[in-house]
Structure formats: C-alpha cells, structure tokens
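Going left to right, the sequence shown walks through residues -17 to -1, 1 to 368 as mature numbering (1 follows the signal peptide of the UniProt record, and there is no 0) numbers them.
Here the structure is laid out as structure tokens; the discussion comes afterwards.
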Amino acid sequence: MRPLLSCRLAAPLLASALLLGGCGEAPPPAPSAGFAGLGESAEGYTQARPGTPLRFPEDHGAHPDYRIEWWYLTANLEDESGEPLGLQWTLFRQALMPPAERPAPGPWVADQLWMAHLAVSRGEQHAVAERFARSHSADPAGGQAGAVAHPFLAWLDDWELVTRVEAPDADTFERLTLTAFDGEGEERAGYRLDLTAEGPLVLHGDAGFSQKSADGQGSMYVSQPFWRVEGEVVLAGETHEVSGRGWLDREWSSQLLGPEQAGWDWFSLHLDDGHRLMAFQLRGGGEAGGDYRSGTWVSPEGEPRALAPDELALTPLATSSVAGREVPTRWRLEVPAAGLDLIVAAPHAERWMDTTVPYWEGEVIARDRDSDRRLGIGYLEMTGY
C-alpha cells in the first residue's frame, strides 16, 4: 500500500507541522479518526474515486489537492557474500489545508508538510532515520522538499529519488537513482542505489482506484514491482555492494480509511517464478464489522488481476515481542485462485520503526505451506499494534 497507507502514516505530519511552525504541541487525533488520523474528514479536498483517469508521467509527481500521498520503496538485497539486506525509503506529503483555504505564498508560509523515512536492515542490525520539511504548493520545484514529474525528482533536503533518463520525451521514471544517508562514523547508514524497471507499472484495484473499506474509502494506488536494484548500502559505518529486487508504491488520497479502522497488515512478495503479489487487510471496515482485504496478483509480464476480499485470506500464526508489543511475524497467506497457500515469516523480528508514528516493517520469506519449499521474498508492514 503501502496501503497504505504508508505509512501510509502521512497523517502524523500534521502534528509535526505544528511543532515545526512554532505553534506548540498538537492535540492527539480524535479516537474516531482511525489509525494516525487517516479516517479524518477530508471536506474540501479532491477525493480518490473509481473512474479517475491516471496520466503518466504527470501522476509520478505530487498531487497537492489531495490530502495525503507517498512514494514508498522497499528492497530485498544481497551483499557481495550473499548476506541478505533490506531497506526502505519513503517520502510522505500531507496538505495542511484544502485548496480553497491556502494562503498566498510567502517566506514563512507553507501549505504542504513532508516527512521522509530511511531504514537499513541486516541480520540483527536495523537503522532508522526520519526527516521533516515544509513547502508551498505554488512553488512545487523550489522548496525544501517536493516531487515533480518530468524530469522526475522526489526529495527532502539531500535525500532524493531522481531520474537517470535524459531524453525529454522519454519516461523519466524508468531508471532512477536513490541517495539517502544519515549519521556519521560508526553511526552512518544509508544507500546510493540505481533502480532499473524491468516490467511495467501496475495499477491496483479498479484501474488504479484501490478500495480500503466496505464503505468505499480508498486511494489511487500504482506500483512499480519490477525494479532491479544495484549500488551500495552503508550500515554501522560499513559499506556493502548490493544487488536485488525492489518494489515502489505510489498512493494518493484524501480519506484513506474509515474512522473505525485501527491499522493494517500489508504484504509485497517477489515470487521465484516471476509473479508478484500485493495483499493487505485493514483491521475493521469490512462487512459486518470484520476486516477488509484486497490484493493484486501480477503475472511475470506485469498483467494485474485484482483480488476481491473473499479471494484471499490472511491469518496470523505467531507473534514476536517487539518494542513492548506483540506483533504477528508469522502468517498464513492464501490465494486459492493462484494456487497459493503460503507461510510468510520474518526471519528477524526486530524491525520496529520508532518514528513519529511507530510501525513494524521488515523483510519476509514466503514458503509453500505443505512442502516448506521457499517460493519468494518480500516485505511486510504492520501498523496499529
């Protein structure tokens, strides 16, 4: 999603905006606002709806008339010795007011807030960093943070995801470079990576509209699950040459969740036979008060098949104690239409993101439930625990 959703965590940016603006501490979100305030009323903003046409390259850039948005990359990598590494980089945008209420631009005026997350994982090591910035929608290319479509660039300070395509009439989202580092010396962590698309963009749900509850809330949701990733990762001050596979989610919405939805569990899997699978459940918001599930089964050629709520099942099997919480890190994931009955488990439980709004995100391995044969790798994100 990051359903997400990813953070799907864009709503906490409002609290940070008040702090950055010198307005004191923000009040906590109302209990009826859902996880991280993502169920708050979005009156005055553009709404994500079925039938909304998607246009590229324009939709690679920011959508300031929607309340929340993110560019969300995860990657499963290996270093020179074959040791697995995982990473995340996410840029979140949140509008601070509807379009009709925006003030005129000025040196101290902002109507958009930005947050970025960096994470690098290797074995028991897990490094996390977070940054914030503000901008005005009237100056999309000149602020401390932003995202422009052509040529593509998404950034916050010196953390940036930028195109490597120079031809003005080409798709400048096909080859990107991600650069993000934090800390110094033995505390330094980050990466410089080249991303090359080896398949098409995937539109989730109904031609890009991804429903998130039985009541109809949702987001515009597009993924690039076919990245080949190469470059270097720094962790604990040590540099590793890496390669592997990445998954980038793009979502924008104004009211992503219903007020009763308390969190979600989101999976992205690269299967060894070339298929990709995205699956999520939102806890609450389903029929008769149950959970709401959805997903996309993607062929090796990039053809998506939307999965309805009754076409997949997500069942937690075991939990781990992480950051004082019991978090499900072993799951059964069933997609009968694809012939899948998987056990999806995290080899390392300590992947807690201790950020402004905390959540769990880490690498997982998918195995066939009957034979225990490894079928793929991917990422799992869980919020609201």
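All C-beta atoms in this analysis are idealised placements derived from N, C-alpha and C, irrespective of residue type, glycine included.
What do you get for residue i, buried or exposed, if any count of 16 or more other CB atoms within 10 angstroms of its CB means buried?
i    : result
A349 : buried
R32  : exposed
T57  : buried
P12  : Per-residue confidence for P12 stands at a pLDDT of 43, beneath the threshold of 50, marking its modelled position as unreliable; no derived number is given.
A301 : exposed
M80  : exposed
W97  : buried
S354 : exposed
L298 : Checking the sequence shown, residue 298 turns out to be Thr, not Leu. It counts as exposed.
S237 : buried
Considering just the uninterrupted stretch of the beta strand (DSSP E) at residue i, what are its terminal residues?
i    : result
R158 : 158 to 165
M98  : 95 to 105
V148 : No beta strand (DSSP E) contains V148, which DSSP labels as neither H nor E.
H133 : Note, H133: premise wrong, no beta strand (DSSP E); not H, not E.
G69  : 67 to 78
Q200 : Neither: Q200 is in no beta strand (DSSP E) and is coded neither H nor E.
Q108 : 108 to 118
E52  : 51 to 61
L323 : 323 to 328
When DSSP builds the beta bridges, which residues end up paired with residue i?
i    : result
Y174 : A163, V216
Q207 : L231
T302 : P311
R276 : Q264
V340 : None, per the DSSP bridge assignment.
W142 : L139
F250 : A262, L363
S236 : I51
F192 : D189, M203
Our contact map puts residue i next to residue j with C-beta atoms below 8 Å; I'd like the distance itself, whole angstroms only.
i    : j    : result
S196 : G345 : Wrong, their Cβ atoms sit about 26 Å apart, outside the cutoff.
R352 : R315 : 7 Å
E169 : A219 : 6 Å
V111 : R171 : Going by Cβ atoms, the distance from V111 to R171 rounds to 13 Å, so no, they are not a contact pair.
Inspect the beta-carbon positions of residue i and residue j and report whether they are closer than 8 Å.
i           : j    : result
T160        : H133 : no
H253        : G125 : no
residue 371 : W230 : With the chain covering -17 to 368 only, the question about residue 371 has no answer from this structure.
V310        : Y368 : yes
L290        : E317 : no
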